[in-house]
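Mapping of the sequence shown onto mature numbering (1 follows the signal peptide of the UniProt record, and there is no 0): residues -18 to -1, 1 to 154, in sequence order. Note that the Cβ used here is the ideal one computed from N, Cα and C, for glycine as well. These numbers come from a predicted model, not from an experiment.
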Amino acid sequence: MSPIRTSLLLAASLLAVAAAGATTVKTGKPAASQPAAPTWATRAQLRECADTEAGLKERFRAIDASNTAHEKRFDQLEAENTRLEQLHDQLDHDSDIAVKAFNVLVKEHNEHIRQLNQDAADSRPVNDAYNADMSAFNHKCSGLRYHLEDMEAVTRERQKAAAQAAAASTGL
């Protein structure tokens, strides 16, 4: 072999070895962690969520009834206010007795409004507590995974308990 050829061969092999040593082996991205196997809700968890939901529904019915009564009272006060405006338009401003009687009606109306506003303020903590409890319920129970047979069993248990409670209350 000629010396030039040997030199070129040696240089090429050195470059190949140097390039091989300088190359880093890419292993790719680390394997993504596997999602956890789905956890299934226990019957106890399903019972707790069903009981909580039933309690929340009962509380909602009470809140809804209170809101309906409040709206009805509000409408009554609106009608009362309209009557007062009509009376004011017809009021004989020269009669002290008529003015005093009208002022008594206005005072009563203002007291009714004050009471309505107080009732609304008093109901706010109940509404806020309900909203917080509903949010906690949704956070805890809405994402549960369950087996259908577990939910059916819990539903049957609840229906049986409700029937027994109804029978006991009618037997008293």
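- Asp115 is the residue among Glu131, Asp101 and Asp115 whose C-alpha sits nearest the C-alpha of Phe42.
- Rounded to the nearest whole angstrom, the CA to CA distance from Tyr128 to Glu62 is 55 angstroms.
- CA-to-CA, the gap between Ser151 and Lys54 works out to about 33 angstroms.
- Around the Cβ of Leu28, a 10 Å sphere holds 16 or more other Cβ atoms; the residue is buried.
- In the DSSP assignment, Ser151 falls within the unbroken alpha helix (DSSP H) covering Leu130 to Gly153.
- Under a 10 Å Cβ-count criterion, Ala23 is classified as buried, with 16 or more other Cβ atoms of the shown protein chains found around its own Cβ.
- In the same chain as Ala80, and ignoring 5 residues on each side of it, the C-beta atoms closer than 7 angstroms to its own belong to Leu73 and Asp74, in chain order.
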